[in-house]
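Just so you know, the protein sequences line up as chains Z and G, in that order. Take the first sequence: its position 233, counted from the start at 1, is 233 in UniProt numbering, and no numbers get skipped. Take the second sequence: its position 164, counted from the start at 1, is 164 in UniProt numbering, and no numbers get skipped. Where a beta carbon is used, it is the ideal one built from N, C-alpha and C, also for glycine. To start, the structure under review is shown below, and the notes come after it.
2 protein chains.
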Amino acid sequence: MMDFRKIANISVDCVVFGFDNININILLSRRMLNMHDLKYPVIDDWVLTGDHVFKSERLDESAVRIFKELTGFEDVYKKQFRTFGNPERIKNEKDLLWLKSKGVEARVMSVAYYFLLPAERVDLKNGDTKWFPLKNLPHLGFDHEEIIVRAFDDLKQKVMSEPVIFEFLPDKFTLNELQIAYESVLNTTIDNRNFRKKAICKSYIVPLDEKRVGSSKKPARLFMFSKDIYEKTSSKNSIISF
Amino acid sequence: MMDFRKIANISVDCVVFGFDNININILLSRRMLNMHDLKYPVIDDWVLTGDHVFKSERLDESAVRIFKELTGFEDVYKKQFRTFGNPERIKNEKDLLWLKSKGVEARVMSVAYYFLLPAERVDLKNGDTKWFPLKNLPHLGFDHEEIIVRAFDDLKQKVMSEPVIFEFLPDKFTLNELQIAYESVLNTTIDNRNFRKKAICKSYIVPLDEKRVGSSKKPARLFMFSKDIYEKTSSKNSIISF
DNA sequence: TCAAAAGTGTTAAGTGTACACCCATGA
DNA sequence: TCATGGGTGTACACTTAACACTTTTGA
């Protein structure tokens with residue numbers, strides 16, 4: 001029943017954010033085009049992973065399919081955050097050359113999603129897929145730098161209003177890991193004592209009787225996030241911006 | 001240079017929010033299809049205004065064009081908030097009939113925008129365009145109800161983190177008007193004294209030496225919003241959700 | 001003179017912020 | 001035994017929330 005023909009002018013791009021307990025990283029794919037000489041590719045840079053949407057595929061399905069091919073996972077937090085489709089969005093010579101080599105129309109709408117997960121979960125099979133620190137990205141093809149910037153802006157907003165930060169952490173995490181995740185996304189520093197006080201009194205940040213050993217000197221208590229408790233307790237706090 | 005041919009499978013839909021000092025309203029267009037008998041249209045309901053994107057048109061341009069045709073204005077706050085493009089999103093018989101009558105493909109991606117303005121600013125020339133209270137919408141064609149719900153969700157978020165509420169008000173407004181705007185969008189009630197205190201001490205809510213007379217018994221002081229001052233003073237308050 | 005909306009203060013509770021040292025462990 | 005990251009408490013400032021009456025005007 002599925003129609004696997006691709007829609008020529010509609011694609012989905014995936015911005016995969018991975019947290020490695022230090023930084024936020026982006027998963028990128030190598031884009032290489034050889035024409036004359038295998039040793040000197042005409043194009044050799046990095047791009048987000050994306051693909052055209054199938055004729056009978058939902059947008060979310062398409063995003064999940066692309067993400068799964070990339071990482072092997074499907075049940076990962078994702079959000080459709082924006083669609084990029086201006087006619088002039090691909091203007092660079094290399095990008096046009098690339099599209100030509102693929103026989104793709106020049107004007108493509110990209111529905112962009114971002115995904116959040118702990119970077120360690122992803123097995124990088126080969127060198128064609130790599131994590132890059134968000135703060136130190138390589139040269140990117142197409143308008144993918146803009147897409148990433150937009151994704152990160154949206155993420156920051158999201159982190160400030162919903163408990164998506166936990167998507168970056170393993171099921172069991174320490175409070176310091178949580179703190180560093182917040183600091184990385186919001187690009188701030190937080191006072192450790194104040195942070196812990198605040199975190200500990202949230203009922204949905206549940207202390208476990210387990211400690212993480214090995215990774216540091218003193219074993220650190222582990223916590224888990226309970227979505228159930230969160231949904232039951234946190235009444236939408238109506239913070240007016242102004 | 002502009003290519004005015006329409007892209008068959010890509011459209012823009014506009015959710016126009018208008019505040020009338022009491023409620024949030026949505027601007028809808030009548031959708032009517034006559035086949036056999038002019039007196040008994042096959043379709044007679046309401047939809048968001050939208051159109052297909054031109055071949056050489058930016059998405060934002062397309063949104064502005066549609067909005068301008070509808071209201072006569074162009075410099076109005078707008079936001080692209082989501083793209084709707086699932087294959088099953090149009091499944092209702094009437095909707096399919098409508099598309100057939102227009103010779104349009106069944107699978108169309110709709111890039112959806114919302115606009116904010118005071119409802120009074122819009123001149124409704126004829127009965128084919130009307131404001132409906134958000135809380136009392138008529139039966140809507142396509143998946144436009146879902147689009148509106150999504151738009152409103154996004155708007156609420158936006159209102160809590162940025163000063164977009166002022167887009168709903170005329171340049172000069174009273175504090176009570178501002179309060180009602182907040183109450184309408186966030187669906188709460190706010191204590192009048194506390195609200196005024198908070199508002200008055202914001203430097204970017206500027207008191208004027210003018211009063212609004214006539215509309216009520218006691219003349220009310222007018223205020224204006226200064227975007228300049230807002231941008232200079234309000235350092236992003238890093239409110240962590242949790 | 002009255003109806004209707006505008007405008008005004010105080011207090012108590014809670015929340016955020018600044019700040020520096022001891023603890024438990026592995027090497 | 002020491003180096004490393006884990007973990008803790010207090011005081012002050014600020015913000016929020018609850019609460020009811022007076023003022024000004026047009027009709």
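* **Enclosing beta strand (DSSP E) for Val15/G [first to last residue]** => Position 15 of the second sequence holds residue 15/G. Counted as a single uninterrupted DSSP element, the beta strand (DSSP E) harbouring Val15/G occupies residues Lys6 to Phe19.
* Asked: Which residues bound the alpha helix (DSSP H) around Met160/G?
  -> Looking up residue 160/G in the second sequence gives position 160. From DSSP, the alpha helix (DSSP H) with Met160/G extends over His144 to Ser161.
* To do: Taking only the alpha-carbon atoms, compute the straight-line gap between Lys135/G and Thr129/G and give it to the nearest angstrom.
  => In the second sequence, counting from the first residue as 1, residue 135/G sits at position 135. In the second sequence, counting from the first residue as 1, residue 129/G sits at position 129. Answer to the nearest angstrom: the Cα atoms are 18 angstroms apart.
* To do: Provide the residue span of the alpha helix (DSSP H) that contains Leu186/G, from first to last.
  => Counted from its first residue, the second sequence places residue 186/G at position 186. Segment Leu175 to Leu186, the alpha helix (DSSP H) holding Leu186/G.
* Asked: Which one of Ile147/Z, Asp171/Z and Tyr182/Z has the shortest CA to CA distance from Leu48/Z?
  -> By 1-based counting over the first sequence, the position of residue 48/Z is 48. Closest by alpha carbon: Ile147/Z.
* **Inter-stretch contact (C-beta, 8 angstroms, three-pair minimum) for the region 155 to 164 of chain G and the region 185 to 192 of chain G** => Below 8 angstroms, enough C-beta pairs join the region 155 to 164 of chain G and the region 185 to 192 of chain G to call them touching: three or more.
* Under 8 angstroms between the Cβ atoms of residue 318/Z and Phe242/G? -> Residue 318/Z lies beyond the stretch modelled for chain Z, which goes from 1 to 242, so this question has no answer here.
* Asked: Between the beta-carbon of Asp45/G and the beta-carbon of Pro138/G, is there less than 8 angstroms?
  -> Residue 45/G sits at position 45 when you count from the first residue of the second sequence. Residue 138/G sits at position 138 when you count from the first residue of the second sequence. Cβ distance < 8 angstroms, so Asp45/G and Pro138/G count as in contact.
* Answer yes or no: does any C-beta atom of chain G fall closer than 8 angstroms to that of Gln179/Z? => Within the first sequence, residue 179/Z is the residue found at index 179, counting from 1. False, the Cβ-Cβ gap to chain G never drops below 8 angstroms.
* chain Z contact for Met2/G (CB, 8 angstroms cutoff) -> Looking up residue 2/G in the second sequence gives position 2. Not closer than 8 angstroms to any Cβ of chain Z, the Cβ of Met2/G fails to qualify, so no.
* Quick one: which chain G residues come within Cβ less than 8 angstroms of Phe221/Z? -> Within the first sequence, numbered from 1, the residue matching residue 221/Z stands at position 221. For the record, residue 221/Z in the displayed sequence is Arg; it is not Phe. Those do not exist, as Arg221/Z stays about 18 angstroms from chain G at its closest Cβ, beyond 8 angstroms.
* **For Lys211/G, three-class secondary structure by DSSP** => For the purposes of this step, residue 211/G is taken as residue 211 along the second sequence, with counting starting at 1. For Lys211/G, the three-state secondary structure derived from DSSP is strand.
* Start and end of the alpha helix (DSSP H) containing Asp44/Z? -> Reading the first sequence from its first residue, position 44 is the one you call residue 44/Z. Element bounds for Asp44/Z: not the alpha helix (DSSP H) but the beta strand (DSSP E), Ile43 to Val47.
* To do: State yes or no: is the beta carbon of Arg193/G nearer than 8 angstroms to at least one beta carbon in chain Z?
  => Taking the second sequence and counting its residues from 1, one reaches residue 193/G at position 193. It does not; no Cβ of chain Z falls within 8 angstroms.
* So is Thr233/Z buried or exposed if we call it buried at 16+ other beta carbons inside 10 Å? -> The residue labelled residue 233/Z in the question sits at position 233 within the first sequence. That one is exposed.
* Asked: Interface residues of chain Z around Ile66/G at Cβ under 8 angstroms?
  -> What you label residue 66/G is simply residue 66 of the second sequence in a count that begins at 1. Near Ile66/G there are no residues of chain Z at all, since even the closest Cβ is about 15 angstroms away, more than 8 angstroms.
* To do: Say whether chain Z places a C-beta atom closer than 8 angstroms to the C-beta of Val111/G.
  => For this step, residue 111/G is matched to residue 111 along the second sequence. It does: the Cβ of Val111/G has a partner Cβ on chain Z nearer than 8 angstroms.
* To do: Please check if any C-beta of chain G sits within less than 8 angstroms of the C-beta of Leu59/Z.
  => By one-based count along the first sequence, residue 59/Z stands at place 59. Yes - at least one Cβ of chain G is within 8 angstroms of the one on Leu59/Z.
* Asked: For Gly141/G, which beta-bridge partners are listed by DSSP?
  -> Translated into the one-based positions of the second sequence, residue 141/G becomes position 141. Gly141/G is not bridged to any residue.
* From this set, Lys6/G, Phe17/G, Trp98/G and Ser29/G, which residue's C-alpha is nearest Asp154/G's C-alpha? -> Here residue 154/G refers to the residue found at position 154 of the second sequence. Asp154/G has its Cα closest to that of Phe17/G, out of Lys6/G, Phe17/G, Trp98/G and Ser29/G.
* In its own chain, which residues sit with a C-beta less than 6 angstroms from the C-beta of Val108/Z, not counting the 5 before and 5 after it? -> For the purposes of this step, residue 108/Z is identified with residue 108 of the first sequence, where counting begins at 1. Excluding positions up to five away in sequence, the list reads Asn9 and Ser11.
* Asked: Where does Ile205/Z sit, in a helix, a strand or coil, going by DSSP?
  -> As a position in the first sequence, residue 205/Z is number 205, starting the count at 1. When secondary structure is reduced to three states using DSSP, Ile205/Z falls in the strand class.
* To do: Put Thr71/Z into one of helix, strand or coil per three-state DSSP.
  => Counting from 1 along the first sequence, the entry for residue 71/Z is found at position 71. In the three-state DSSP reduction, Thr71/Z falls in the helix class (H, G or I).
* How is Phe81/Z classed by DSSP in three states: helix, strand or coil? -> Position 81 of the first sequence, counting from 1, holds the residue named residue 81/Z. Secondary structure of Phe81/Z (DSSP, three-state): strand.
* **Run of the alpha helix (DSSP H) containing Leu97/Z, from where it starts to where it stops** => Numbered from 1 along the first sequence, position 97 holds the residue referred to as residue 97/Z. Where Leu97/Z is concerned, the enclosing alpha helix (DSSP H) stretches over Glu93 to Lys102.
* Using the C-alpha atoms, what's the distance from Pro87/G back to Leu84/Z? -> Along the first sequence, one-based indexing puts residue 84/Z at 84. Along the second sequence, one-based indexing puts residue 87/G at 87. The displayed chain sequence assigns Phe, not Leu, to residue 84/Z. So the two alpha carbons sit approximately 20 angstroms from each other.
* Measure from the C-beta of Thr174/G to each C-beta in chain Z and report whether the shortest distance is under 8 angstroms. => For the purposes of this step, residue 174/G is taken as residue 174 along the second sequence, with counting starting at 1. Not an interface residue.
* **Best match in Gly50/G, Thr71/G, Phe73/G and Gly72/G for proximity to Ser62/G [C-alpha to C-alpha]** => Counted from its first residue, the second sequence places residue 62/G at position 62. Looking at Gly50/G, Thr71/G, Phe73/G and Gly72/G, the one whose alpha-carbon comes closest to that of Ser62/G is Gly50/G.
* Asked: Hey, does Gly85/Z have any beta-carbon neighbour from chain G nearer than 8 angstroms?
  -> Here residue 85/Z refers to the residue found at position 85 of the first sequence. Taking 8 angstroms as the threshold, the shortest C-beta distance from Gly85/Z to chain G falls below it.
* chain G partners of Arg150/Z, CB-CB under 7 angstroms? -> Along the first sequence, one-based indexing puts residue 150/Z at 150. Per Cβ cutoff of 7 angstroms: no residues; Arg150/Z is ~11 angstroms from chain G at best.
* Asked: Alpha carbon to alpha carbon, how far is Val213/G from Leu175/G?
  -> Locating residue 213/G in the second sequence gives position 213, where the first residue counts as 1. Locating residue 175/G in the second sequence gives position 175, where the first residue counts as 1. Approximately 14 angstroms between the Cα atoms of the pair.
* For Ser56/G and chain Z, any beta-carbon pair shorter than 8 angstroms? -> Here residue 56/G is taken as the residue at index 56 of the second sequence, counted from 1. So, interface residue.
* Within this structure, are the beta carbons of Phe132/G and Asn25/G separated by less than 8 angstroms? -> As a working mapping, residue 132/G is identified with position 132 in the second sequence. As a working mapping, residue 25/G is identified with position 25 in the second sequence. Result yes, Cβ atoms of Phe132/G and Asn25/G sit closer than 8 angstroms.
* Asked: For chain Z, is any of its Cβ atoms less than 8 angstroms away from the one on Lys232/G?
  -> Looking up residue 232/G in the second sequence gives position 232. Output row for Lys232/G: interface = no.
* **Reduced DSSP category for Tyr113/G - H, G, I as helix; E, B as strand; rest coil** => By 1-based counting over the second sequence, the position of residue 113/G is 113. Annotated three-state conformation of Tyr113/G is strand, per DSSP.
* Asked: Quick one, which residues of the region 10 to 35 of chain G are near chain Z if we go by CB-CB under 9 angstroms, in chain order?
  -> Ile10
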